[in-house]
Ligand SMILES: [Zn+2]
């Protein structure tokens, strides 16, 4: 299954007629994840024709409103649409109190289970795993506690080379599983058939790193190293570096430095300050350091890997 990223919103702070605050819809290995949920996210999901009833896991980077104010409305809509499936929410500690307070005061009855995974660790931790993929936190440095998230497919099975395998009648269908796992095969006369003769390389596993609000931070490099796509905030151009530090944000130049040092495949910038009208200035600055830098295309599903 292919991996698709749909960026639903990428501006900072205030929603405008043409742009929405941070939210992304990630489809990986047939799972649907929502990453951040700024105001208006459910409308953006509809515009993108995203199958949002499939969302069972929501990852919130931090509790600033432009990253989570869409959550109570989305959850209320899930209820109105008759949702029964439990919903997992991964977010900084405080999310439960925030949401439950809103639901209590507004008498919103959920009708399905909300499972909170409140995060406090300042180290990268694995917060989700199933048979096909895993998700890790990327601790960031913002004004309040904040995490990015790394989504990574697990290594895939090797492909069978049936042309070679058919030369050895001793190899039966029940042996295929071990071959796909990379094991050699020993014939009855003791002859060892190397796995690489019987199989070919597996399809490459895909990875995506989402780095939300943060100051320039090199401690994230080992976590995001070699990812296929990195989304990194770039609120300001480098001429406002002091402002970026003061407000807990990154410049386009710095985001590009992170991308280059981490050897990522592609960099997508976002979270632009509303003071900029022509966003091409961000890619112009970043491409001086990391050529494979792009602006986000809102509501367009982009294939990763
Ligand atoms: Zn913030």
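Residue numbers (the working numbering): 2 to 306.
Glycine included, C-beta positions come from ideal geometry on N, C-alpha and C.
Checklist entry - In the DSSP assignment, what residue or residues form a beta bridge with residue 177? => result DSSP output for residue 177 lists no bridge partner at all.
Next on the checklist: Judging by CA-CA distance, which residue of 2, 21 and 227 is the nearest neighbour of residue 11?
Outcome noted: Comparing Cα positions, the closest option is 21.
Checklist entry - So, helix, strand or coil for residue 112, using DSSP? => result Residue 112: coil per DSSP, three-state reduction.
Checklist entry - Count the other CB atoms within 10 Å of the CB of residue 114; is the residue buried (16 or more) or exposed (fewer)? => result Exposed, because fewer than 16 other Cβ atoms sit within 10 Å of the Cβ of residue 114.
Next on the checklist: Taking 8 Å as the cut-off, does the segment 38-52 touch the segment 281-296 (at least 3 CB pairs, one atom from each stretch)?
Outcome noted: Output reads no: the segment 38-52 does not touch the segment 281-296.
Item to check | Element boundaries [alpha helix (DSSP H), containing residue 74] | outcome: First-last of the alpha helix (DSSP H) with residue 74: 72-81.
Next on the checklist: So the candidates are 89, 100 and 239; which of them puts its Cα closest to the Cα of residue 70?
Outcome noted: Of the candidates 89, 100 and 239, the one whose C-alpha sits nearest the C-alpha of residue 70 is 100.
Next on the checklist: My parser needs the alpha helix (DSSP H) runs of 4 or more residues fully inside the segment 21-74; what are they?
Outcome noted: Segments of the alpha helix (DSSP H) lying fully in the segment 21-74: 42-48 and 66-69.
Checklist entry - Nearest-angstrom Cα distance between residue 138 and residue 111? => result Looking at the two C-alpha atoms, the distance is approximately 27 Å.
Next on the checklist: For a test of your reading of the model: does the CB of residue 233 fall under 7 Å from any non-hydrogen atom of ligand 1? Yes or no.
Outcome noted: No.
Checklist entry - Do residue 42 and residue 24 have their C-beta atoms within less than 8 Å of each other? => result Yes, the pair counts as a contact, with Cβ atoms nearer than the cut-off.
Item to check | Nearest candidate by alpha-carbon position, reference residue 206, set 200, 215 and 227 | outcome: Closest by alpha carbon: 227.
Checklist entry - Is it right to say residue 3 is buried, meaning 16 or more other beta carbons lie within 10 angstroms of its own, or is it exposed? => result Here residue 3 is exposed: its Cβ has fewer than 16 other Cβ atoms, across all protein chains shown, within 10 Å.
Checklist entry - Going by the C-beta, is residue 214 closer than 7 Å to any heavy atom of ligand 1? => result Taking non-hydrogen atoms of ligand 1 into account, the C-beta of residue 214 is found less than 7 Å away from one of them.
Next on the checklist: Across the segment 206-217 and the segment 186-197, are there enough close Cβ pairs to call them in contact, namely three or more that are closer than 8 Å?
Outcome noted: The segment 206-217 makes no contact with the segment 186-197: fewer than 3 CB pairs, one atom from each, lie closer than 8 Å.
Checklist entry - Taking the beta strand (DSSP E) that residue 243 falls in, what are its first and last residues? => result No beta strand (DSSP E) contains residue 243, which is instead part of the alpha helix (DSSP H) from 242-248.
Next on the checklist: DSSP three-state label for residue 198, please.
Outcome noted: Helix.
Checklist entry - Looking at C-alpha atoms only, which residue of 131, 186, 187 and 199 is the closest neighbour of residue 162? => result The residue from 131, 186, 187 and 199 with its alpha-carbon nearest to that of residue 162 is 199.
Item to check | Segment limits, beta strand (DSSP E) that includes residue 139 | outcome: Looking at the DSSP string, the run of the beta strand (DSSP E) that includes residue 139 is 134-140.
Next on the checklist: Just to confirm, is the Cβ distance from residue 183 to residue 159 under 8 Å?
Outcome noted: A contact, by the Cβ cut-off of 8 Å.
Checklist entry - What three-state label does DSSP hand residue 305 in the structure shown? => result DSSP places residue 305 in strand when its eight states are reduced to three.
Item to check | Sequence ranges, beta strand (DSSP E) only - wholly within the segment 206-290, length at least 3 | outcome: As far as the segment 206-290 is concerned, its whole beta strand (DSSP E) runs of at least 3 residues are 208-212, 230-234 and 267-271.
Checklist entry - Among 258, 272 and 38, which has the Cα closest to the Cα of residue 225? => result Per the Cα distances, 258.
Next on the checklist: Less than 8 Å between the C-beta atoms of residue 6 and residue 265, yes or no?
Outcome noted: By the CB criterion at 8 Å, residue 6 and residue 265 fall outside the cutoff.
Item to check | Contact test: residue 143 Cβ vs ligand 1 heavy atom, cutoff 7 Å | outcome: At least one heavy atom of ligand 1 sits closer than 7 Å to the Cβ of residue 143.
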